[in-house]
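Quick notes on the structure that follows.
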């Protein structure tokens, strides 16, 4: 179920097409996934989001695989099934092993458990953790 | 504000004390943070949680710093202020640089943004992302 | 997948039927959507929920379109796919343009991003924002 | 920090005062907690919310203690610190023991953990669980 | 859609098989639901999760039906459709009536409403609710 | 509690200072709120976030007040106390009346309630709501 139609390449505005061209160039594949096809109705947000993704997920202090794994962890916490699938695929493509994926899931589960227990207990931050 | 009192070392049951002893031994410090002092009212959950944390956060396929950063990411998504502080401190202690922390935060923000946009649009998972 | 069956008009209790009659009268359509058919197993909650919806979403300081758009924004943040679809349909019926829908989605995404960044950084409320 | 001032008894509109009178009569205490004092700026929502609370939390199939414990569990999952404190106090007043509270917390933690693991794995609902 | 395949009994490692044997023995049924089949790729997390579930959901201060209802409430708040279905089935199997389920849903809804209203208003915890 | 220090004007890097200058110019005030002072440790994210905010919250199909109200609604759903305060202040500055704020809160509450009830019931999207 979707609230907007996915756009085919033939239906793109020139602004959206330029973003798709860049996605294909950066990722070195013809494949453009559904997220961008849904977002292409709004070329301004499409362009801003793609430029932001390129900056945030591009080369930096953290390696590409770790970045994708952090993305997956947040997507699980937010219950975004599409995002879990797309970024798990990306993490695997960037070298995440099944053992690492299993550990990621265990950590997300464990954090979720203690996040809620801490909230239930109303634990005050220790002075040792303050700046 | 808390829903239970923090227990001092003198108030611990023998079962809780044994867990505190193990926390101190494993972490090689006398400091036991407030989370465990709040949880110590329930020695069974205290012990199970500590044993689980040791297993999940112990040596494995992912390094200790990456594990703590995943923990922080989930804690941000769940809005657990205490957990953000305690696990950011742990990640820093395990070598997370300020540049890495900044990237972590940017990724959590970016993922949060696209998680909700994807949900709003109702994007279907691409066949390419299916097993 | 559902945890209760949808009730047809023929299966309604008299109390539930009276609510359906009012839904049809207020909305001036024979169509009663699935939410009410699922909720009709519990006529007391059905009636209370419908009366509340009528009050909250009825004429007031905010116009009907803005009210539905706020409803959609919250439903996205909570990940309720059904609610996103039903209230997006309602917002469109009340005049929301596709350009407005695109802006709504961009705002929800932006707010989600900064909500989590603020939480990560632990920013204190400025005195200027206090009452 | 608050976005509205708490109203004292002297500042209430007649409509809000009538709700406060009923809260005091039903609960058999002079004490009216801050939630109602913040909500009293909007007597219509104040009245609707109180009437709904009375209906939902009043006598029914579930006993009063179990109802408050369910309220606490949801409040933990939503990270509402005020609600956790007010409904934990209510649950204790209605007979929740510390052992029961500890089990509630353990269940909320466990459910949070498996909720996220299931979401990560994308587990399909078994036919056995379908209606 | 799933991020891992469900394992059949024939594909289990010896460690995973031992957990499945215990699930079958404790639950006194041959049926092992999909959650465990997805988790079985990681026998260590499988075993830890099952042992934790047994401890948390086993005999204690709260009866089995109430425990499952708390699990359902949290699963609703977290939007885990699988978990809602599996634990609603479990709660029904342990005696939850349809009237009790209807009240559970009404309470979850009511708590969600007031949780967000309290957060919007920024209500401070009353001294009366502090320890 | 914060995980990074707030930067004063004197501590800003030239890149961060340039963003602060633009914030002051666009908003026509010397006041720069804490969010930007916490984010200023990472001038790249600071600049990207400010540019995005300017684009998303700038002139468009929706008026400035409605945009801020949508921002507030999402911030409530995500439990970001800082964001609720800063964007409620912004919405008020852009003309939101107290009656409109009260309706916003009532809608967020109502949506939260039905979001969770729909999720509990597992309601399928009506064909009428599909594209």
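Chains as they are written, first to last, in my numbering: chain A, 7 to 137; chain B, 7 to 137; chain C, 7 to 137; chain D, 7 to 137; chain E, 7 to 137; chain F, 7 to 137.
Quick reminder that beta carbons are idealized off the backbone N, C-alpha and C, glycines included.
Indicate whether at least one CB of chain F lies closer than 8 angstroms to the CB of residue i.
| i | result |
| --- | --- |
| residue 39 of chain E | no |
| residue 110 of chain C | yes |
| residue 73 of chain C | yes |
| residue 29 of chain E | no |
| residue 98 of chain E | no |
| residue 11 of chain A | yes |
| residue 106 of chain C | yes |
Run through DSSP, which three-state label would residue i get?
| i | result |
| --- | --- |
| residue 18 of chain A | coil |
| residue 33 of chain A | helix |
| residue 43 of chain E | helix |
| residue 23 of chain A | helix |
| residue 70 of chain E | helix |
| residue 80 of chain B | helix |
| residue 75 of chain A | helix |
Could you tell me whether any Cβ in chain E is nearer than 8 angstroms to the Cβ of residue i?
| i | result |
| --- | --- |
| residue 8 of chain B | yes |
| residue 113 of chain D | yes |
| residue 119 of chain F | yes |
| residue 125 of chain A | no |
| residue 66 of chain F | no |
| residue 79 of chain D | yes |
If we define contact as Cβ-Cβ less than 8 angstroms, is residue i a contact residue for chain C?
| i | result |
| --- | --- |
| residue 102 of chain B | no |
| residue 50 of chain F | no |
| residue 85 of chain A | yes |
| residue 129 of chain D | no |
| residue 14 of chain E | no |
Among residues of its own chain, excluding the 5 on either side of residue i, which ones have a beta-carbon nearer than 8 angstroms to its beta-carbon?
| i | result |
| --- | --- |
| residue 88 of chain E | 40 and 41 |
| residue 93 of chain B | 74, 77, 78 and 81 |
| residue 10 of chain B | 44 and 47 |
| residue 19 of chain B | 46 and 49 |
| residue 12 of chain C | 40, 43 and 44 |
Start and end of the alpha helix (DSSP H) containing residue i?
| i | result |
| --- | --- |
| residue 97 of chain A | 87-99 |
| residue 134 of chain F | Looking at the DSSP string, residue 134 of chain F is not in any alpha helix (DSSP H), and its letter there is neither H nor E. |
| residue 49 of chain B | 49-63 |
| residue 105 of chain A | 104-127 |
Once you ignore the five residues that flank residue i on each side, which residues in its own chain have a CB closer than 7 angstroms to its CB?
| i | result |
| --- | --- |
| residue 97 of chain C | 71, 74, 75 and 78 |
| residue 8 of chain B | 44 |
| residue 38 of chain F | 26, 29 and 30 |
| residue 101 of chain B | 71 |
| residue 36 of chain A | 30 |
Indicate whether at least one CB of chain B lies closer than 8 angstroms to the CB of residue i.
| i | result |
| --- | --- |
| residue 91 of chain D | yes |
| residue 82 of chain C | yes |
| residue 43 of chain E | no |
At least one CB of chain D closer than 8 angstroms to the CB of residue i: is that the case?
| i | result |
| --- | --- |
| residue 136 of chain C | yes |
| residue 32 of chain C | no |
| residue 19 of chain C | no |
So, at 6 angstroms on beta carbons, what are the nonlocal neighbours of residue i in its own chain, with the 5 sequence-adjacent residues on each side left out?
| i | result |
| --- | --- |
| residue 69 of chain B | none |
Is any beta-carbon of chain A found at less than 8 angstroms from that of residue i?
| i | result |
| --- | --- |
| residue 116 of chain D | yes |
>> Is it the case that the segment 109-128 of chain D contacts the segment 46-58 of chain B, given that we only count it when at least three CB pairs across the two stretches are under 8 angstroms?
In response: yes
> Counting Cβ pairs, one atom from each stretch, are 3 or more of them under 8 angstroms apart for the segment 62-82 of chain F and the segment 102-109 of chain C?
Replying inline: yes
>> For the segment 17-35 of chain B against the segment 123-136 of chain A, do three or more pairs of beta-carbon atoms, one drawn from each stretch, fall closer than 8 angstroms, so that the two count as touching?
In response: no
> With a cut-off of 8 angstroms, do at least 3 Cβ pairs link the segment 120-129 of chain C to the segment 80-95 of chain F?
Replying inline: yes
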